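Student: Dropping a structure here in structure tokens format, bear with me for questions.
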Amino acid sequence: MRAYLACFHDPCGAEYPVTEVIYNCPKCGGLLEARYDGAVTEPWTLKQIWRERRMSNHPLDQSGVWRYREMFPFLEEDRHVITLREGNTPILDACIASSYAAVDRIRFKHQGFNPTGSFKDNGMTAGASQAVRLGMKRVACVSTGNTSASMAAYAAAAGLEPIILIPNGNIAFGKLGQALDYGAKTLQVDANFDQILAIVRILSEKLGIYLLNSVNPFRIEGQKSIVIEMMDQLDWQVPDWIVVPGGNLGNISAFGKGASELYKQGLIAKMPKFAVIQAAGASPFYEFMKAPHEHGFVANTHPETLATAIKIGDPVSWPKAWRAVGTEGLVESVTEQEIADAKAVIGRCGIGCEPASAATLAGVRKLRAAGKIGAEDNIVAVLTGNVLKDPDYIYRYHTNQLQGPDGSSIHGTFANPPTVVPNDIEAITKLLEG
Ligand code: F0G
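In our numbering, the protein residues as written are 221 to 654.
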């Protein structure tokens, strides 16, 4: 099996060894992706191997990413793998959410069950392992919080030095706290995500630090496992729709690549359709997809949303995301109010998630109302982050104190405020009986 990097840009297609430390094509500047040549194992055999590994105590088999390692064979040696037993995330039924979106059944694949509480771990295990394989000493990223938490954890586990740059005052405390605890050198920059990405790219090159943002093609390879594990859990029955929030668009790029590789190798019988949901104040991909050829891709220089995880105006992976969505998929945008209410509904299902993740349910509801998704369609939405990532947002919503980025108040439609009671059993009894 030959693994190599290839330029994603159509006329270029230049190829490079996987051991070269590059993030864009040196010839044309296009995005890179990992590709593989050689014999592939027969689908039925692969499915058997993957099922059997669930019984194994081997660290790679216990990982919900490396269990599927035949789909991303870019490492030569297993000893380079850094795993925190990521993946293995459940697909959960959610009746209340289904009725809220007016569909028969929506299920959530909850990536918040990962070791650091977000889907980033699926990609970071691959990126960190590649860093080890390359003999890198320091790793860096810009982040809206989850990438940095994940990178810090995997770097710490690998004995690498994590350096994170985050937009000052714009990431949730749960995420910042994680990075501090995992020992990352943390730089809070007075700039937004897109501006800091430009800085960290230059710094990485100048200082020989390995960049672990999703422009790193190995991150994408790891994140493919979310779709692979999903199909395995669904006994290879492909849903009609896979719904995902869109920020820097790495995840949708990974899903598209993963699904099309499964399809080409005969592991699934059809392609799922993808729906990408963005926050209305940070929706350049949504704007682009309305008429892709009219103005080209136009970045939003002032992205705004309380769903800070997806507060990104210039997503690097948009060309890959465009391919993934294709002509069958959909891109939608949802308001702050819609995100906040959908989040509370997901909470009421006993599931919970962070704000960005809830954009999925808000999006399905909107697409259903517009008749673009059918009531009987088989839908799996991906919840990208854990409910505990952003407790401040939750408290404000449930106490009717949440305000949008423009200062407008967001109504706690499903508010469930706590009640302060005196230290008096009679009074408490009265309250509970009333
Ligand atoms: N949901 C959550 C919870 C995220 O943290 C992110 C991205 C997304 C969705 C969007 O995914 O960028 O692949 O389209 N967070 C990044 C970060 C940007 O730095 O943690 P995407």
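Using N, Cα and C, we set each Cβ at its ideal position, and we do this for glycine too.
Please read these numbers as outputs of a predicted model, since none were measured by experiment.
(1) Count the other CB atoms, across all protein chains shown, that sit within 10 Å of the CB of N334; report buried if there are 16 or more and exposed otherwise.
(2) Tell me the residue span of the beta strand (DSSP E) that contains Q415.
(3) Can you list the beta strand (DSSP E) stretches of 3 or more residues lying completely in the region 251-331, in chain order?
(4) With DSSP as the reference, please indicate the residues paired to W461 in a beta bridge.
(5) Check the DSSP bridge columns for Y224 and list the partner residues they point to.
(6) Out of H300, F294, L432, G307, which has the shortest C-alpha to C-alpha gap to R287?
(7) Classify P387 as helix, strand or coil using the three-state DSSP reduction.
(8) Determine whether the beta carbon atoms of V496 and V565 lie at a separation below 8 Å.
(9) Pick out whichever of D452, A376, L431 has its Cα sitting closest to the Cα of E705.
(10) Can you tell me the Cβ-Cβ gap for P465 and V600, rounded? I've got them flagged as a contact below 8 Å.
(11) Consult DSSP for V435 and reduce its assignment to one of helix, strand or coil.
(12) For the putative contact between A541 and E524, defined by C-beta atoms under 8 Å, what is the C-beta separation to the nearest angstrom?
(13) Are the beta-carbon atoms of M291 and R439 separated by less than 8 Å?
(14) Any idea if Q398 is buried or exposed, counting beta-carbon neighbours within 10 angstroms, 16 or more meaning buried?
(15) Does N468 pass the burial test, meaning 16 or more other C-beta atoms within 10 Å, or should it be called exposed?
(16) Look at H300 and R353 and say whether their C-beta atoms are less than 8 Å apart.
(17) For the region 506-518 against the region 576-596, do three or more pairs of beta-carbon atoms, one drawn from each stretch, fall closer than 8 Å, so that the two count as touching?
(18) Considering only their Cβ atoms, is the gap separating Y617 from A562 smaller than 8 Å?
(19) Between P465 and ligand 1, is the CB less than 7 Å from at least one heavy atom?
(20) Going by Cα to Cα distance, which pick from C569, I422, V463 is closest to A317?
(21) Does the Cβ-Cβ distance between L385 and I422 come in under 8 Å?
(22) Between which two residues does the beta strand (DSSP E) holding A360 run?
(23) Within the present structure, is the beta-carbon of T367 separated from the nearest heavy atom of ligand 1 by less than 7 Å?
(24) Per DSSP, what kind of secondary structure is Y430 in: helix, strand or coil?
(25) Below 8 Å on the Cβ atoms is my contact criterion, and I expect R543 with A321 to pass it. Report the Cβ-Cβ distance as a whole number of Å.
(26) Tell me whether the region 477-488 and the region 625-637 touch, counting them as touching only if at least three CB pairs, one residue from each stretch, are closer than 8 Å.
(27) Do you know whose CA, among S370, K405, V362, lies nearest E381's CA?
(28) With burial defined as no fewer than 16 other Cβ atoms inside 10 Å of the residue's Cβ, what is the status of N388: buried or exposed?
(29) Quick check: what's the CA-CA separation for G516 versus F505?
(30) Leaving aside the five residues before and after D610 along the sequence, list all residues of the same chain whose C-beta is less than 7 Å from its C-beta, in chain order.
(31) On a Cα-Cα basis, can you pick out the residue from L454, G470, I448, V607 that is closest to A527?
(32) Measure the alpha-carbon distance for T261 versus I269 and round it to whole angstroms.
(33) By how many angstroms is the C-alpha of I383 removed from the C-alpha of K650?
(34) Bridge partners of E507, per DSSP?
(35) Of the choices L251, A346, T619, whose alpha-carbon is the least far from that of L280?
(36) In chain order, what residues of the same chain have a beta carbon less than 6 Å from the beta carbon of Y402, not counting five sequence neighbours either side?
Tutor: In brief:
(1) Here residue 334 is taken as the residue at index 114 of the sequence shown, counted from 1. Label assigned to N334: buried.
(2) Locating residue 415 in the sequence shown gives position 195, where the first residue counts as 1. Segment 413-427 is the alpha helix (DSSP H) holding Q415; no beta strand (DSSP E) there.
(3) 252-257, 311-313, 326-330
(4) If you number the sequence shown from 1, residue 461 lands on position 241. DSSP, once it has assigned bridges, lists K493, I599 as partnering W461.
(5) In the sequence shown, the residue the question calls residue 224 occupies position 4. P237, R255.
(6) Looking up residue 287 in the sequence shown gives position 67. Measuring from the Cα of R287, the nearest candidate turns out to be G307.
(7) Here residue 387 is taken as the residue at index 167 of the sequence shown, counted from 1. The answer is strand: DSSP assigns P387 an E or B state.
(8) Residue 496 sits at position 276 when you count from the first residue of the sequence shown. Residue 565 sits at position 345 when you count from the first residue of the sequence shown. Not closer than 8 Å, so no.
(9) Not covered by the structure: residue 705. The range shown for the chain is 221 to 654.
(10) The count along the sequence shown starts at 1 and reaches residue 465 at position 245. The count along the sequence shown starts at 1 and reaches residue 600 at position 380. Not quite, the Cβ-Cβ distance comes to about 14 Å (not below 8 Å), so this is no contact.
(11) One-based indexing of the sequence shown puts residue 435 at position 215. It is coil, neither helix nor strand.
(12) Against the sequence shown, residue 541 aligns to sequence position 321. Against the sequence shown, residue 524 aligns to sequence position 304. In fact, because the Cβ distance is near 21 Å, the residues do not count as touching under 8 Å.
(13) What you label residue 291 is simply residue 71 of the sequence shown in a count that begins at 1. What you label residue 439 is simply residue 219 of the sequence shown in a count that begins at 1. The answer is no: Cβ separation not under 8 Å.
(14) As a position in the sequence shown, residue 398 is number 178, starting the count at 1. The residue in question, Q398, is buried, as its Cβ has 16 or more Cβ neighbours within 10 Å.
(15) Residue 468 sits at position 248 when you count from the first residue of the sequence shown. Under this definition N468 is a buried residue.
(16) Taking the sequence shown and counting its residues from 1, one reaches residue 300 at position 80. Taking the sequence shown and counting its residues from 1, one reaches residue 353 at position 133. The answer is yes: Cβ separation under 8 Å.
(17) no
(18) Position 342 of the sequence shown, counting from 1, holds the residue named residue 562. Position 397 of the sequence shown, counting from 1, holds the residue named residue 617. Their beta carbons are not under 8 Å apart, which means A562 does not touch Y617 by this criterion.
(19) Mapped onto the sequence shown, residue 465 falls at position 245. Checking the Cβ of P465 against ligand 1 gives yes.
(20) Working through the sequence shown from its first residue, we reach residue 317 at position 97. The shortest Cα separation from A317 among C569, I422, V463 belongs to C569.
(21) By 1-based counting over the sequence shown, the position of residue 385 is 165. By 1-based counting over the sequence shown, the position of residue 422 is 202. Result no, Cβ atoms of L385 and I422 do not sit closer than 8 Å.
(22) Along the sequence shown, one-based indexing puts residue 360 at 140. First-last of the beta strand (DSSP E) with A360: 358-362.
(23) As a position in the sequence shown, residue 367 is number 147, starting the count at 1. T367 Cβ: within cutoff of ligand 1.
(24) Counting from one through the sequence shown, the residue named residue 430 turns up at place 210. In this structure, Y430 counts as strand in the three-state DSSP scheme.
(25) To locate residue 543, count along the sequence shown from 1; it is residue 323. To locate residue 321, count along the sequence shown from 1; it is residue 101. That belief does not hold up - the Cβ atoms of R543 and A321 are roughly 27 Å apart, past 8 Å.
(26) no
(27) Start at 1 with the first residue of the sequence shown, and residue 381 comes out as number 161. When only C-alpha atoms are compared, the closest one is K405.
(28) By one-based count along the sequence shown, residue 388 stands at place 168. The residue is exposed, with fewer than 16 neighbouring Cβ atoms inside 10 Å.
(29) For the purposes of this step, residue 516 is taken as residue 296 along the sequence shown, with counting starting at 1. For the purposes of this step, residue 505 is taken as residue 285 along the sequence shown, with counting starting at 1. Distance between the alpha carbons of G516 and F505: 11 Å.
(30) Mapped onto the sequence shown, residue 610 falls at position 390. Result list for D610: A392, G394, E574, P575, in chain order.
(31) Here residue 527 corresponds to residue number 307 of the sequence shown, with the count starting at 1. It is V607.
(32) For the purposes of this step, residue 261 is taken as residue 41 along the sequence shown, with counting starting at 1. For the purposes of this step, residue 269 is taken as residue 49 along the sequence shown, with counting starting at 1. Roughly 10 Å separates the two Cα atoms.
(33) Here residue 650 corresponds to residue number 430 of the sequence shown, with the count starting at 1. Here residue 383 corresponds to residue number 163 of the sequence shown, with the count starting at 1. The alpha-carbon atoms of K650 and I383 are separated by roughly 54 Å.
(34) Mapped onto the sequence shown, residue 507 falls at position 287. Looking at the DSSP assignment, E507 forms no beta bridge with any residue, so it has no partner.
(35) Counting from one through the sequence shown, the residue named residue 280 turns up at place 60. Among L251, A346, T619, the Cα nearest to that of L280 belongs to A346.
(36) As a working mapping, residue 402 is identified with position 182 in the sequence shown. Around Y402: A372, A373, A376.
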